[in-house]
Amino acid sequence: MDPLTAAAIAVGSIIATKALEKTGEKVAEKVWEQTEKFLTSLKQVSPDTFTAIEKAPEQPLD
Numbered sequence: 001m002d003p004l005t006a007a008a009i010a011v012g013s014i015i016a017t018k019a020l021e022k023t024g025e026k027v028a029e030k031v032w033e034q035t036e037k038f039l040t041s042l043k044q045v046s047p048d049t050f051t052a053i054e055k056a057p058e059q060p061l062d
């Protein structure tokens, strides 16, 4: 592989990685917003269910 091709692949990899990171951040942000909207709606429709969810112990993430 010639040096120019290797450099192009390296630069392309960096750009692709950064693009995927940004996409992941935006997806996570959108999921968080939708979760907040859902919980707000649930609190209005079923306060008892909302309270039960708030009081439930968190499961550890392994």
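The numbers in the working numbering rise by one with no breaks, and the one at position 54 of the sequence shown is 54. Backbone N, C-alpha and C fix where the C-beta goes; we use that ideal spot for every residue, glycine too. Remember, predicted model here, so these are calculated numbers, not experimental data.
In the three-state DSSP reduction, Ala10 falls in the helix class (H, G or I).
Each residue's CA atom was taken as its position, placing Ser46 and Val27 some 28 Å apart. If you draw a straight line from the Cα of Thr23 to the Cα of Thr51, it comes to about 33 Å.
For Glu58, there is no enclosing alpha helix (DSSP H), as DSSP marks it with neither H nor E.
Between Leu42 and Thr49, the beta carbon gap of about 6 Å places them in contact (Cβ cut-off 8 Å).
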